[in-house]
Each structure stands twice: as C-alpha cells, then as structure tokens.
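Its first residue numbered 1, the sequence shown is counted upward by one per residue in the UniProt record's numbering. Ideal Cβ positions, reconstructed from N, Cα and C, are used throughout, including at glycine. Computed from a prediction, not measured in an experiment: that's the story for all the values here. Each remark here refers to the structure printed beneath this line.
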Amino acid sequence: MPLTGHCLCKKVTYTVEVDQPAIVAYDHCDDCQRQSGSTYSLVAVVPKDKLTINGPSKSWAGKGTSGHAVHRVFCSECGSPIAHDPDAAPEIIAIKAGTLDSEIKKTLKPDTEIWTQSKLPFCQEHLAKPFKGMPE
C-alpha cells in the first residue's frame, strides 16, 4: 500500500510507491527547525524515484553542510512544507511526515534522530505536564 499525503489546503498531494519509509527520523538541523517553525522536523526518508507530487508546489534551494543544495519543496498556495531534497543524496527525499495521511502517520515509529548537534537543549523525551489538547 503506497504512502500518501497532502498539504494543509489539500491542493498539493503526493504518493510514494513504497509500503514503509526507509527511515523515520527527528531532524534537528537548524534549517528544518526554521522551515517547520518548531524544534525539529519529523521526516520519512523514501526513494526519490518512488515519489509523485501533484499540485502547485514550489521549491527553494539553500546550501547544506555538504556544500550541495538542499531543495525545500512546499505548497505554493498554503506554504506547507512537503519535503526536502538533498543534492548530496540524490537517490532519497525526506517527506515531512506531518503531511502524510492521518492513518499512515499514526503508524510511524521514529527510529533515529539526525543533526543532534543542533538539537535544542530543552528538547526532552517526556515533558513534566502533558496536555491532551490545549490547556484550559
């Protein structure tokens, strides 16, 4: 069963013709923090040749630590990040796992953390006061 997902406005959709990602990781790099607006980006690494993106997407390229470009793909309508595509590893692409369809992302089990040299010091596995939703 392929992996499927979409952006916030649902104008960009994608399909990855694999049953499972090769890697599911917490990506702590500074660029992913900035792109996600959060402390890390949960990514699902998949073979690039198995991905099909439909809809109004754009990309922006920045330089990765390898010196090669990293293309950040996003919806041109709502701005949702869809993936990052590193030239240094042309066979893979990192899907932003939060964009996977709900039933698929519920089954993900992160198996690694990457770019932990940029991990923010307050990131913890378990926070002291969790809330199911917004605090009342």
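Give the single residue among the options whose Cα lies nearest to the Cα of residue i.
{"i": "Val46", "options": "Thr112, Glu91 and Leu108", "result": "Glu91"}
{"i": "Leu120", "options": "Thr39, Glu17, Pro21 and Ile114", "result": "Thr39"}
{"i": "Gln33", "options": "Pro86, Pro81, Asn54 and Ile23", "result": "Pro81"}
{"i": "Leu51", "options": "Cys123, Val12 and Asp27", "result": "Val12"}
{"i": "His6", "options": "Gly62, Ser57 and Ala69", "result": "Ser57"}
{"i": "Gln35", "options": "Gly62, Asp19 and Ile23", "result": "Gly62"}
{"i": "Cys83", "options": "Ile53, His28, Gln20 and Trp115", "result": "Per the sequence shown, the amino acid found at residue 83 is Ala instead of Cys. Of Ile53, His28, Gln20 and Trp115, the residue nearest in Cα terms is Ile53."}
{"i": "Ile114", "options": "Ala25, Asp19, Pro21 and Gln20", "result": "Ala25"}
{"i": "Ala88", "options": "Gln20, Ser41, Gly55 and Lys48", "result": "Lys48"}
Who are the Cβ neighbours of residue i in its own chain at under 6 Å, not counting the five residues just before and after it?
{"i": "Thr4", "result": "Thr15 and Asp101"}
{"i": "Leu8", "result": "Cys78 and Ser80"}
{"i": "Glu17", "result": "Pro2 and Lys50"}
Quick one: Cα of residue i to Cα of residue j, how far?
{"i": "Val43", "j": "Ser66", "result": "19 Å"}
{"i": "Gly37", "j": "Lys96", "result": "13 Å"}
{"i": "Lys105", "j": "His71", "result": "23 Å"}
{"i": "Cys75", "j": "Asp19", "result": "24 Å"}
Under the three-state reduction of DSSP, which class applies to residue i: helix, strand or coil?
{"i": "Thr112", "result": "strand"}
{"i": "Cys29", "result": "coil"}
{"i": "Ala69", "result": "strand"}
Quick test of your reading: residue i and residue j, contact by CB under 8 Å. State the CB separation rounded to the nearest angstrom.
{"i": "His28", "j": "Thr107", "result": "Not confirmed; about 23 Å, so no contact."}
Tell me which same chain residues have a C-beta within less than 7 Å of the C-beta of residue i, skipping the five on either side of it?
{"i": "residue 185", "result": "The chain is shown from 1 up to 136; residue 185 falls before or after that span and cannot be answered."}
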